[in-house]
Amino acid sequence: MIWGQHSFPDDTLFRLAFGNLRVYLYRRRREWRWSLEYSDIPEEASFTEVGEGQGASLTSLTWQRMITKEVSEVVVLGPRLPDRPLSVSPQEQVQIAHNVQVRLWITLPLWLRLSCAHGEMVLEAGSERLSGSWLGDSVGGRMAYTLKSEPRYHGESDPIRDHHARCSLSILNQAVAPFVVSKLAIPTELLNLYQTKDEPGGEMYTSEVKLLHTRDHEISVNPLHHRDFPKLAPLVPARVRGVDNFWKRSVGLLKRIGNYS
Amino acid sequence: MTELLELGLRLDVVFRLLRFLGLFFLGILVVKILAFVAGRAMNKRFSEQSIMITRKTIFYAGFLIVVMTLLADLGLNLAALLGAFGIAGIAIGFAAQTSVSNVISGMFLISEKPFEIGDIVRVGENTGVVLSIDLLSIKIRTFDNQFLRIPNETLIKSDVVNITRYPIRRVTFDFVVEYSTELGQLKQVLLSLAAEIPEVLDNPEPLFLIKGFGLRGVEIVFGVWFAKEDFLLVRNTVAERMKTAFEANNIQFAVVRWPSEQ
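Listed in order, the protein sequences are those of chains A and B.
1 is the number of the first residue of the first sequence in my numbering; add one for each residue after it.
1001 is the number of the first residue of the second sequence in my numbering; add one for each residue after it.
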C-alpha cells in the first residue's frame, strides 16, 4: 500500500501508479514538477524511483510546476474521496415498493492526495478519469462526475481494488407509489472515509448514505457513520464538515439535484 | 503702513489658499481611504460590481461634501451658488441629453444586472470581458485585447448576450453529410466521441438532431454541454475528434461543389 510518507530526494524522478492514474514526480528543493497520465489498464498502487534508462523515454510528457513553502525531503500520499457528487445511473432500474428498505452498494473511485511533510498540498488527482455531469436545473444545479459503476445488493460481491472504496446506500421508500431509482447522486464531499483494517491492504469504506423517499418526491440524505463499523474513526474526514453545514448542504443539494428518481 | 497691509493681505490669501489646498487633498485622501475600506469590508460577500458601485458612490459623495465644506469655509454663499448651478443645470441638461440618457440607462443596467464585472458578453458584433460598469458606459476588453467603450444607452437598446451567465454551456456543430451516410452509424460515432471527452457533460446529454434534407446532403446538428470555462478545450477537441472519427468511419462531409468542379 502506498499511503503514508515516502522518501523523496532532490533531482530524482519517481513514478506513482494508482488505478488508471500514472504520476511522474520530480522535485528540486521547493520546486515540484509532475506529469499526469491516464491509462486504460488499472495498475496496482506503487511509488517507485524511475531509472535513468526509463527516464529518457519520458521526454514527451507535459510537466506542471509548483513552488511549495517548505523544502520537503518526503512526500506524503493519502486517499481522498472525490470533491464533487457522483452521478450513478444503474443499467437496470431498481424499483422499491412502498415501505420497503433496500441496501445497495456502490464502488467509488478514490482520489490521491500528494503533500509535503507538514501537510502542504501539491496535487490531488482521481484514480480514474471521470466525465463531468450536471445535477439539477441549469441555474441552481451543480457540477458532478459521472460514475460508471453498477449498484449491487451485496458489498462483498466484487473483488475491490486498492483504488476503490465501498459505499453503502440505504433507500427507504415511504411514498405510496413505487420509487424508481434511475439515477443516484452520491454526495461524496459529505462522506468520511474509513479503513476497516488498520494495516496495509485494509479495505476502504465511506460513511453510509441514507435516502428517505417520501411523498411529493421529497428525498433527504443522511450520510451517517457506517452501521457495520460504528466505532471506527475516519481515516479521512469529509471535505465538508459540521452539523449546520451538513444539513444546509445536504438539504440544499437534494433540492437542487432532484435526480434521485 | 499700506505696504504692510497689502503684504498682510497677500499673506492671508496665500495662507487661505494653502489651507484650502491642504484640506482639499487631505479630504480627498480620507474619502479615498473610506472608499477603500468599504470595498475591503465588502470583499468576498458582495459581487465585484456592487463593491465598485459602493466605492464610487462613497468617493463622489465624499468629494462633493469636501468641496462644499471648503467653499463654505472660504466664505462663499452656497445658496446663491446652488441657485446658479440650478439655472446652469437646466441649460446644461438640454445640451447634455445624451449624457443624461446614458446615466439613466446606466441606472437601469445597474439595477437590472444583466451582467456583472468579469462576465463575457456579446453586444452586436463585439464580444469581450466586462471590465467596468459605469454610469455613462461599460468598458469591455475584447478577445483580441482591444478596449471597447459601449454607451449605456446603446446597451439598453441592443440585444446583449451574457455568454457566461450560467455555469454550463452548449456548443453546437452544424454540418452536412453526404446522402450515402448511414445515419445510425453517424449518431453512434458522434455520441461515442463525446463520451470519451471527460469535459463533455454526460448530463445534459449531447444533442443529435437531423435538421433536414438539404441540397447538399443531410443537415445535422450536434451539440455537447460543458462547464463554461472549458469552452475552447471542448470546442477544439470535439471538432478535432469529429474529423478523425469521420475519416476512420468513412463518413463524408458534403462540400459545396461549384459547377466547374462537377
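For every residue, glycine included, the Cβ atom is placed at its ideal position computed from N, Cα and C.
Does any CB atom of chain B fall closer than 8 Å to the CB of residue i?
i: Gly-132(A); result: yes
i: Arg-129(A); result: yes
i: Met-121(A); result: no
i: Val-139(A); result: yes
i: Met-1(A); result: no
i: Ser-35(A); result: no
i: Gln-91(A); result: no
Let me confirm a value: residue i is counted as buried when at least 16 other C-beta atoms fall within 10 Å, else exposed. Which label applies?
i: His-163(A); result: buried
i: Glu-1003(B); result: exposed
i: Val-1067(B); result: exposed
i: Ile-967(B); result: Because residue 967(B) is not part of the residues shown, which for chain B are 1001 to 1262, the question remains open.
i: Asn-245(A); result: Because the pLDDT at Asn-245(A) is just 47, under 50, the model does not fix this residue reliably, and the value given afterwards should be weighed accordingly. Exposed.
i: Gly-1008(B); result: exposed
i: Val-1037(B); result: exposed
i: Val-1176(B); result: buried
i: Gln-1262(B); result: The predicted model places Gln-1262(B) with a pLDDT of 38, which falls under 50 and marks its position as unreliable; any figure quoted below should be read in that light. Gln-1262(B) comes out exposed.
i: Tyr-153(A); result: exposed
i: Gly-78(A); result: buried
i: Pro-237(A); result: exposed
i: Arg-27(A); result: buried
i: Phe-1213(B); result: exposed
i: His-118(A); result: exposed
i: His-98(A); result: exposed
i: Arg-215(A); result: exposed
i: Pro-271(A); result: No information on residue 271(A) is available, as it lies outside the stretch 1 to 261 that chain A covers here.
i: Ala-17(A); result: buried
i: Gly-126(A); result: buried
i: Ala-1061(B); result: exposed
i: Tyr-1179(B); result: exposed
i: Met-121(A); result: exposed
Taking 8 Å as the CB-CB cut-off, is residue i touching chain A?
i: Asp-1119(B); result: no
i: Pro-1114(B); result: no
Would you mind telling me which residues of chain A sit closer than 7 Å to residue i, beta carbon to beta carbon, in chain order?
i: Ile-1266(B); result: Nothing can be reported for residue 1266(B): it is not among the residues displayed for chain B, which extend from 1001 to 1262.
i: Asp-1202(B); result: Ser-131, Ser-133, Thr-146
Using a cut-off of 9 Å between C-beta atoms, extract the partners of residue i located in chain A.
i: Glu-1219(B); result: Residues of chain A passing the Cβ test: none, with the nearest at roughly 26 Å.
Please confirm if residue i has its CB atom under 8 Å from at least one CB of chain E.
i: Ala-1227(B); result: Of the chains in the structure shown, none is chain E; the protein chains are A and B.
Quick one: list the residues of chain A neighbouring residue i, beta-carbon separation under 8 Å, in chain order.
i: Pro-1198(B); result: Arg-129, Leu-130, Ser-131, Gly-132
List, in order along the chain, the chain B residues whose C-beta lies closer than 8 Å to that of residue i?
i: Ser-87(A); result: Asp-1202, Asn-1203
Counting only Cβ pairs nearer than 9 Å, list the residues of chain B close to residue i.
i: Met-143(A); result: Pro-1167, Ile-1168, Leu-1201, Ala-1227
Assuming residue i contacts residue j under a Cβ cut-off of 8 Å, what Cβ separation, rounded to an integer in Å, is found between them?
i: Val-1123(B); j: Ile-1150(B); result: 6 Å
i: Gly-1223(B); j: Arg-1170(B); result: 5 Å
i: Asn-1043(B); j: Gly-1106(B); result: Their Cβ separation, rounded to whole angstroms, is 24 Å, which puts Asn-1043(B) and Gly-1106(B) out of contact at 8 Å.
i: Val-1221(B); j: Leu-1232(B); result: Contact flag wrong, Cβ pair sits at about 21 Å.
i: Pro-223(A); j: Leu-190(A); result: 5 Å
i: Leu-110(A); j: Arg-80(A); result: 7 Å
i: Lys-1228(B); j: Ile-1168(B); result: 6 Å
i: Ile-1024(B); j: Leu-1070(B); result: The sequence given here places Phe at residue 1024(B); Ile does not occur at that position. Phe-1024(B) to Leu-1070(B), Cβ: 6 Å. Contact.
Give a yes or no on contact between the stretch 1085 to 1105 of chain B and the stretch 1046 to 1053 of chain B, applying the rule of three or more CB pairs nearer than 8 Å. no
Touch test, the stretch 1073 to 1082 of chain B against the stretch 1131 to 1147 of chain B, Cβ-Cβ under 8 Å, three pairs minimum: no
Mind the definition here: the stretch 176 to 194 of chain A touches the stretch 76 to 95 of chain A only if three or more C-beta pairs lie below 8 Å; say whether that holds. yes
Does the stretch 127 to 146 of chain A come close enough to the stretch 1196 to 1215 of chain B to have 3 or more Cβ pairs within less than 8 Å? yes
For the 8 Å Cβ check, are there 3 or more pairs between the stretch 28 to 48 of chain A and the stretch 68 to 84 of chain A? yes
Is it a yes or a no for the stretch 201 to 211 of chain A touching the stretch 223 to 232 of chain A, going by three-plus beta-carbon pairs under 8 Å? yes
Between the stretch 1246 to 1254 of chain B and the stretch 133 to 153 of chain A, are three or more C-beta pairs nearer than 8 Å? no
Between the stretch 164 to 183 of chain A and the stretch 38 to 51 of chain A, do at least 3 Cβ pairs fall closer than 8 Å? no
Is the stretch 101 to 113 of chain A touching the stretch 57 to 67 of chain A, taking contact as three or more C-beta pairs under 8 Å? no
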